[in-house]
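There are 2 protein chains.
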Amino acid sequence: MSSDTAGKPSRRERMRAETITEIKASARRQLLDHGPSGISLRAVARDVGVSPAALYRYFDSLDALLTALCCDFYDELIDETRAAMDASPPERHLERMKSWVWTFRSWSVSHKREFELMLSFPEDQGSLSACPPNPIESPDDLDPITQKSIEHSRMCGLELAEFYRQSDGEGFDFGQVDMPELSPGLERELVEQCATLIIGDTVPLTWTYAFISGWVRVFGLVVMEAFGNLPVTENVDEFYKAQIMSMLKEFGLD
Amino acid sequence: MSSDTAGKPSRRERMRAETITEIKASARRQLLDHGPSGISLRAVARDVGVSPAALYRYFDSLDALLTALCCDFYDELIDETRAAMDASPPERHLERMKSWVWTFRSWSVSHKREFELMLSFPEDQGSLSACPPNPIESPDDLDPITQKSIEHSRMCGLELAEFYRQSDGEGFDFGQVDMPELSPGLERELVEQCATLIIGDTVPLTWTYAFISGWVRVFGLVVMEAFGNLPVTENVDEFYKAQIMSMLKEFGLD
DNA sequence: AAATTTTGCTAACGCCGTTAACCCTAATGA
DNA sequence: TCATTAGGGTTAACGGCGTTAGCAAAATTT
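Read top to bottom, the protein sequences are chains A and B.
The first sequence begins at 1 in this note's numbering and counts up by one.
The second sequence begins at 1001 in this note's numbering and counts up by one.
As structure tokens, this is what we get:
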């Protein structure tokens, strides 16, 4: 072994890293040109100028390559979302949450192909749903993609918790949320899920309900727009803004 | 040609129809066992006990077979939804719309694999979004799947129009809908889209907005649940009912 | 300089969708 | 009734795919 935890990158390691990014770049190009199912190992090999078998020195399988691609996409999405949120000062929680929604949407729509791929990973349990799969098992031994999807979701959830914590007693009327009567079982599940989502802190049940409702709406919006089935196409921005306003109303906010 | 429009089915035609359903049945079995991408023409041929090339006498391509499958699924879904709606008398529009949502949901969740396939058809313009693609071009030369998806959507849309038409002046306060201010362009687009959706009849703008909002929510719910990412898993039924109540609130109804 | 690890290669296996060429049989029409 | 078709089946092949085994060369480590 050459450099375990903190050694400087050897020449070989640099080359290897370069090759990996080259492979992923080629795969992404194919994704953009021919869609998720149009990515072919052999075509990538041709593109990179190498034999098909050589790719297996870098990725265990085609699936592993796609997974790596997805991870990169999540990183991109998370970076952009975080940057957009941080454009507002830390105490403007509402604006920061709006930025989260807005950036999630605009990234997804301007990266339809990437979004499509992310939607179908991991196999048989599509991700990007803005909601981590339930129930959450052990904290860390989930596949990397699910972890990143949770990280992405939590950015918004944590902001909500902060919002509640800091604005308590500052004039917001938290009882104003429009929520139907819920069965005790559902209430418990919402609270528990909220606890795994919005770490440590507890927000009122009504907020949890409104938050999850909002997630569902955002997810529906983004998927429909990305797949070209939103009934609004010319004034989408306006429509999104209206939808965000409607969601805020569910929180009893203007 | 033997029987063009109304001739009795010849022996050959009966055999052919039988073979076709046998092929589709085998393909559906593979769909259930191995997912959408696990359907293989050669495997179907093996299963049916025929050479791979023989299948081309019945379907032009694998894609054509999948399309035919999807059509059948839509027919199933539409049949079930219509039956569920017709379990309530024609004048109980609210109940009928609830049945639409409920059946759409339960069919999709209990037919995850089928749902998954439908979601990705037609290529590069996923369907089943409960919203026809926009803008709608010519009325009839759309691909059959899109047509059926529109038919499915319209069942609910027409019911809404009926609801409005028959209950006008019967005590509902149609101005009560919570809707943010919309830009003139968005208003126009909503009204136009509404006209293509809910044929002939016009409902108030607020209802159109609430209706489309509801669609987005239903779609988000169904997709998330079908993909296993709904944060509620134990009390899903209760959660759906609560969400339906919330949507009704958007209409100003209890 | 020797030993070892990494990275590439070629060749092959077994899938896949699709097509071409040919054959047999059942329905058709004179 | 008999020749003609058209429908439904075959086999064989093409080119693509993901993946593996085995081997050679280069780069690193010892």
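Using N, Cα and C, we set each Cβ at its ideal position, and we do this for glycine too.
Keep in mind that this is a model prediction, so the values were computed, not measured.
query                                                                                                                                                              : result
For D178/A and G252/A, I'd like the C-alpha separation in whole angstroms.                                                                                         : 7 Å
Return the residues of the segment 1058–1072 of chain B that lie within a Cβ-Cβ distance of less than 7 Å from chain A, sorted by chain order.                     : none
According to a CB-to-CB cut-off of less than 7 Å, which residues of the segment 1204–1219 of chain B neighbour chain A?                                            : I1212, S1213, V1216, R1217, F1219
For E95/A, I'd like the list of residues in its chain whose CB is within less than 7 Å of its CB, leaving aside the five on either flank, ordered along the chain. : S88
Could you tell me if T1021/B is buried or exposed, where buried requires 16 or more neighbouring beta carbons within 10 angstroms of its beta carbon?              : exposed
I1150/B: buried (16+ other C-beta within 10 angstroms of its C-beta) or exposed?                                                                                   : buried
From A83/A, V101/A, F239/A, V203/A, pick the residue whose C-alpha is nearest to that of L1182/B; which is it?                                                     : F239/A
Would you say L1117/B touches the ligand MG, meaning its beta carbon is less than 8 Å from a heavy atom?                                                           : Annotation note on the ligand MG: not contained in the displayed structure, which lists no ligands.
The segment 1223–1235 of chain B: which residues have C-beta closer than 8 Å to a C-beta of chain A, in chain order?                                               : V1223, M1224, F1227, G1228, N1229, L1230, P1231, V1232, T1233, E1234, N1235
Is the beta carbon of S1051/B less than 9 Å from the beta carbon of A1045/B?                                                                                       : yes
For the alpha helix (DSSP H) holding P122/A, just list the boundary residues, first then last.                                                                     : Looking at the DSSP string, P122/A is not in any alpha helix (DSSP H), and its letter there is neither H nor E.
Exposed or buried, what is A1083/B when buried is set at 16 or more other beta-carbons lying within 10 Å of its beta-carbon?                                       : exposed
Since L190/A contacts T208/A with CB under 8 Å, what's their CB separation in whole angstroms?                                                                     : 5 Å
Can you give me the C-alpha to C-alpha distance between R28/A and N235/A, rounded to a whole angstrom?                                                             : 30 Å
Could you tell me which chain B residues have their CB closer than 8 Å to the CB of E238/A, listed as they occur along the chain?                                  : L1182, S1183, G1185, L1186
Assuming R1154/B and D1201/B form a contact by the criterion Cβ under 8 Å, report the distance between their Cβ atoms to the nearest whole angstrom.               : Not a contact, Cβ separation roughly 12 Å.
Please list the terminal residues of the continuous alpha helix (DSSP H) segment that includes P144/A.                                                             : 144–167
Quick check: the segment 103–112 of chain A against the segment 64–81 of chain A, are at least 3 beta-carbon pairs closer than 8 Å?                                : yes
For chain A, is any of its Cβ atoms less than 9 Å away from the one on M1001/B?                                                                                    : Legend: pLDDT at M1001/B = 42, less than 50; position of this residue unreliable, value from coordinates given subsequently. With 9 Å as the cut-off, M1001/B does not count as an interface residue toward chain A.
In terms of alpha-carbon separation, which member of L1221/B, G1049/B, L1032/B lies closest to F1073/B?                                                            : L1032/B
With a Cβ-Cβ cutoff of 9 Å, do I1198/B and L1158/B count as a contact?                                                                                             : yes
Are the Cβ atoms of V1218/B and G214/A separated by less than 9 Å?                                                                                                 : no
Output, in chain order, the set of chain B residues within a Cβ distance shorter than 7 Å of K249/A.                                                               : D1178
Going along chain A, which residues have a C-beta under 8 Å from S1040/B?                                                                                          : Result: empty, since nearest Cβ-Cβ is about 14 Å, beyond 8 Å.
With a 10 Å radius around its C-beta and 16 neighbouring C-beta atoms as the bar for buried, classify H1034/B as buried or exposed.                                : exposed
Note down, in chain order, every chain B residue with its Cβ under 7 Å from the Cβ of Q30/A.                                                                       : Ordered by position in chain B, no residue passes the 7 Å Cβ test against Q30/A, which lies about 15 Å from the chain.
Taking DSSP as the reference, what is the three-state secondary structure of G1185/B?                                                                              : helix
Taking C-beta to C-beta, are L1117/B and C1194/B nearer than 9 Å?                                                                                                  : no
By how many angstroms is the C-alpha of K1241/B removed from the C-alpha of L119/A?                                                                                : 26 Å
Measure from the alpha carbon of A25/A to the alpha carbon of each residue in R11/A, D47/A, T81/A, then state which is nearest.                                    : D47/A
Short of 8 Å in beta carbon distance, which residues of its chain neighbour L1041/B, apart from the five on each side in sequence? Order them along the chain.     : P1052, L1055, L1062, L1065
Give me the chain B residues within the contact set of M245/A, using Cβ-Cβ distance strictly less than 7 Å, ordered along the chain.                               : P1180
Under DSSP, the alpha helix (DSSP H) around I1039/B begins and ends at which residues?                                                                             : Per DSSP, I1039/B belongs to no alpha helix (DSSP H) and is neither H nor E.
Going by C-alpha distance, which of M1085/B, P1184/B, V1223/B, F1059/B is nearest S1110/B?                                                                         : V1223/B
What are the boundary residues of the alpha helix (DSSP H) that Y240/A is part of?                                                                                 : 236–250
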